Each structure stands twice: as C-alpha cells, then as structure tokens.
Amino acid sequence: MRKSALLLSLSWLLGHWALAQPLRPSGTGTPPPAMVAPLAAATDPAGPAFALADLLAYVTLRHPVARQAALLPERALQEVRYARGLFDPAATSKYYGKTLGGKEYFHDWDSQLRVPLWFGADVKAGFERGTGAYVNPENYTAPAGLSYVGISVPLAQGLLMDERRAAVRQAQALQGLAEAERRGALNKLLLQAAKDYWDWCLSYERRELLRQNVTLADVRFRAVRERVRQGDLAAIDSIEALTELQNRQATLVQAQVQWQNATLQLSNYLWDEQNQPLDLPATVRPQPLPGPASWQSLAPDSLAALTERAQQIHPDLQKSRAKLRQLGLEGRLLSNKLLPKLTIDYNLLQAGQPFNPETTARLNSAYLQNNYKLGASFSYPLLLRQERSKLQLNRLKQRETELALQQNTREVQTTVRTVAGEWEALREQLGLQEQVVRNAERLRQGEQVRFESGESSVFLLNSRESTLVSARVKLAELQSKFAQTQATLRWAAGGN
C-alpha cells in the first residue's frame, strides 16, 4: 500500500511539473556575424542549439542556389564590359601589292588608328602610301607617303543616341535587373529555409511533449497495476491505463518519424565550403519557439513603413523598373532611327612623316584650306515602315511593362497587408490558446486530486491529460506558424 501511494504521488508530481512548464531546448543559439559556425559544435548537448541565424548563414554563404544567384551580378558586369568594348580604339593596317613578269604594278599601304568618342564621333589618325605605275590615282601618294588626322561626325542619326551608347546604357540597366533577380532568388530560398526550420522546431516540441506524455502514462500504469494487485482498484483500470500507455507510445513513434523527416528536410540546406552536402546531427536541438514576449502587435506606422519599403526595394518591382529603363533606352535609339543618316568626314593631311611639333606650328588658314580631305554621306528611307513599326512595338512593350508594374505594386501592397492581418490574428489566437492551456492544466490538476481521493477514474484522468497535451501541441503549432508569418512578412516587404 505504501509503495502504490508513493507511485501515485510520483505520478502527480511528475505530471504537474512536466505539463505545467513550457518546453524549451537547452540553448538559444548565437548567430555568427561574419562567418558560419562549424556545424559539429552544435552536436554538444551542453553547447548552444542550432539557431535560425546559424541556418540562414549556412544558406546565404554555401547553398548552391545562393551561390548561383551570386553569379548574376558578375554576369551583368561582364555584359557592361562587353558593351564598353564597342568604344575600344581599333588599329587597322592593310597592304596590297602586285608584281607580274618582274614588273611592279603598284604598292598600296594604309594604316589607321580609330578612337570612338562617347557623343558619336570617331577620331582617326593614319598613314597611307600608294606608289607604282598602275596604282589607282585616287590612292596615289608621294614616295614619302601621306599622314592624316581627322574626325567623322554624325549630324543627324547617331548624334544624340547610337547603338554603342544604347548598348552600354542597357547593360548598366541589366546590372539592376541582375541584382533584383539575385535578391529575389535568395529571399525565396531564405523564406523557405525559415519555414522548414520552424517546422523542425515544431516537430521537436511535439515529440518532447508526447515523450513526457508517455512517461506519465507509464508511471500511472505501474501505480494502477500495483493498486489492482492490492485490491484498491478494479482490474479493468489496469487495462485502461495500459491501453492509454500503448496509444501514447504509438503516437510518440509517429512523432519521432516526423522529427526525423523534418531533420532530413532541414539538412537539404546545409553545405560545406567544398559544396558538399552536410547532414544535421540527430543530437542538435532547435532554438525555442517565439514566446509571449514576441507576440507584439504591429504598430500602424510600422505597417506603413513596411509597405513603403516594399515599394522601394521589392525585387519584383525592381525588375520591372529595370526593364522599363531598358525599354526607354531602346525607345530613344529607335526614335533616333527616324532621322536621316548624315555623316561628315574631315581629314587634315600631311605629306611624309606624321604630324610633329614643327608641322603643328605651321598650321594656319592657308595650310588648312589646301591640305585636307572632306567627305559627306547621306541616306534616308522614304517610307520608314520598319523604323516606325519597331518604335511602335517598343512603346507597346513599355505600356505593358508599366501596367505590369502597377499590378505588381498593388499585389505587393496587398501581400504585406494580408500577412500583417495574419500576424494580428495569430497574436490573438496565441493569447487565447495560452489561456486554454492554463485552463486545461487546472482541470488536469483538479482531476488528479479527485482521482487521489477516489472520486474519479483512470479514464477521466487520461482524458484530461490528453486534452492538456493537445492544447500544448496546438499552442506550439500556433507559435511555429507565428514565426513563419514573421519571416513571410519580411519577405513580402522585400527581404534584406
């Protein structure tokens, strides 16, 4: 009799302590500010838990998707470099000579350095030499050759905008697009990682609650069995206690499988510096689920600030704005195509060696009027059907992108407000569920007292405990969902 009383007292004390206290892992974790902490350190039970900040650091620095996204700005930088290559100076040289039957017909040599300028003109300098009995008179020079410096200037089409400047500007706009795509891909990856992390926390919390529940049922079964042997309770009570123990054990096995699956799912985000996958050790523990201290209401000015921030930095909106800039540059180029092609070429000539300070000193009006080569070219399509159609197509694309930007802006604002509404609803649910847990705990304690005095049954006591555990599991689910909502709100506002 004394032994059964001791077991019942132990059952009551254990149940009161285990179900009255909220579950918490052994540590809270500390995020590494500039580097990823070694994963092996989390295997020490006395060490810190594997916190969300640790996971996000691993994902940001080592996950293949994050590394792939980091290549986008570099690729855009190379596109800019490629476009700037259109302004690289070019040196050309060509020589043609003919000798037949021992007779020299001609020798024609032309070397030139051409430097494109930003405003559309090209500066050039060169040396040409054409000699021989049958050289083209147009190319004939004195035996000493002919040097020149000149400039080629577009006066209509190409003066305000040309293909070279448009290519550079579009490549620069592509940098903004690439950065927005990088942030968008990384934000989605981090959001999914945060959600999976809080699912992992929930599976751990559920497993620990059910494990404590099994411990209580085991202690009660042994106590009831002892009282049945002593004749204080009916034999049916021991069957009731055993059945409840077996049901809780089966539920714990399922929770253990869910914990293992959640651990494997979280391991998908872990990679080392050699881009090799890592497994999350089974001994690591998550950080605590957000407690009442974090169940704060969103201030109205905070919601307005988040909405304004989303309009400025959200990757989807930045991508649309970058596309608009590219289309605007293309439109300027196409508008310039409606102008006629009118180009003026002027070359200042000097017989013999290239220009030197002595020659430059002799540059006067008489020299300039008698030593030059001048040219002009003009072309203009009469109907301009291709140019006008391309320009109209560009304007239609700009309008489509503007409408898409308006729609995306509205969707981003709506998403922020929707998630904020879920935040407030979950905050209220958490407060109510916490009260439900306290009430279920009081009912369980009262039922325990009634059972000790012989006014209740094992079935009712087990029912009260099941209700309390279900309430605690529901509270943990709401805490996990609240943490996921916090991460979703950051993502909806544009992420980092």
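According to mature numbering (1 follows the signal peptide of the UniProt record, and there is no 0), the residues represented by the sequence shown are -20 to -1, 1 to 476, in order.
Positions of the beta carbon are idealized from the N, C-alpha and C atoms, including for glycine.
If you're wondering where the values come from, they're calculated on a predicted model, not measured in any experiment.
Could you check how far apart the C-beta atoms of residue i and residue j are, in whole angstroms? I think they sit under 8 Å.
i	j	result
GLU427	ARG444	4 Å
ALA68	TYR76	Just to set this straight, residue 68 is Asp in the shown sequence, not Ala. The pair is not a contact, with the Cβ atoms about 26 Å apart (cut-off 8 Å).
PHE30	ARG265	7 Å
LEU328	ASN344	That pair is no contact at about 12 Å.
ALA221	THR243	The pair is not a contact, with the Cβ atoms about 32 Å apart (cut-off 8 Å).
LEU122	TYR85	A small fix is needed here, since residue 122 is Ala in this sequence, not Leu. Wrong, their Cβ atoms sit about 18 Å apart, outside the cutoff.
GLU457	LEU278	Not really, about 21 Å apart at Cβ, beyond 8 Å.
residue 487	ALA136	Outside the shown range of the chain (-20 to 476) lies residue 487, about which nothing can therefore be said.
Looking at residue j and residue i, is the spacing between their C-beta atoms short of 9 Å?
i	j	result
residue 483	THR465	Nothing in the structure corresponds to residue 483, since the chain is present only between -20 and 476.
GLY110	LEU93	no
LEU232	VAL194	yes
ALA158	LEU52	yes
ASN442	ALA197	yes
ARG42	GLU253	yes
LYS370	LYS317	yes
ALA302	ALA160	yes
TYR38	LEU171	no
ALA451	VAL417	yes
LYS299	TYR360	no
SER357	THR395	no
ALA473	THR287	yes
SER132	ALA153	no
LEU57	PRO96	no
residue 482	ALA63	Any question about residue 482 goes unanswered here, given that the chain covers just -20 to 476.
Candidates the options: which alpha carbon is nearest residue i's?
i	options	result
GLN234	ASP296, LEU458, TYR184, ILE293	TYR184
PRO272	TRP471, THR40, ARG207, LEU455	LEU455
CYS181	ARG368, GLN366, LEU32, ALA346	LEU32
GLY130	SER437, LEU348, GLY112, GLY474	LEU348
LEU448	LEU189, LEU314, LEU458, TYR85	LEU189
SER274	SER315, LEU363, GLU408, TRP98	GLU408
GLU367	LEU313, LEU225, GLU59	LEU313
GLN48	LEU309, LEU307, ASN255, ARG64	ASN255
LYS175	ARG390, LEU423, LEU36, GLN330	LEU36
ARG379	ARG305, ARG61, SER127, ARG422	ARG305
GLN267	PRO280, TRP178, LYS168	TRP178
For the beta strand (DSSP E) that contains residue i, what are its first and last residues?
i	result
TRP98	Looking at the DSSP string, TRP98 is not in any beta strand (DSSP E), and its letter there is neither H nor E.
ALA71	70 to 80
ALA331	321 to 331
GLY401	Per DSSP, GLY401 belongs to no beta strand (DSSP E); it is in the alpha helix (DSSP H), 365 to 432.
PHE358	352 to 359
SER218	SER218 -> not in any beta strand (DSSP E); alpha helix (DSSP H) instead, spanning 215 to 247.
Give me the DSSP bridge partner(s) of residue i.
i	result
PRO266	PHE30
ILE131	VAL103, TYR326
GLN92	THR72, GLY106
THR111	HIS87
LEU35	Answer by DSSP bridge pairing: none, since LEU35 is not bridged.
LEU126	GLU108, ALA331
Which two residues bound the contiguous alpha helix (DSSP H) that contains residue i?
i	result
ASN193	143 to 210
VAL453	438 to 472
ASN255	From DSSP, ASN255 is part of no alpha helix (DSSP H); its letter is neither H nor E.
ASN116	Where ASN116 is concerned, there is no enclosing alpha helix (DSSP H), given that its DSSP letter is neither H nor E.
LYS303	295 to 316
TYR120	Looking at the DSSP string, TYR120 is not in any alpha helix (DSSP H), and its letter there is neither H nor E.
GLN276	Careful: GLN276 lies outside any alpha helix (DSSP H) and carries neither H nor E.
ALA49	44 to 64
Compare the C-beta of residue i with all C-beta atoms of chain D and state if any pair is closer than 9 Å.
i	result
ILE216	In the structure shown, chain D cannot be found, because there is only a single protein chain.
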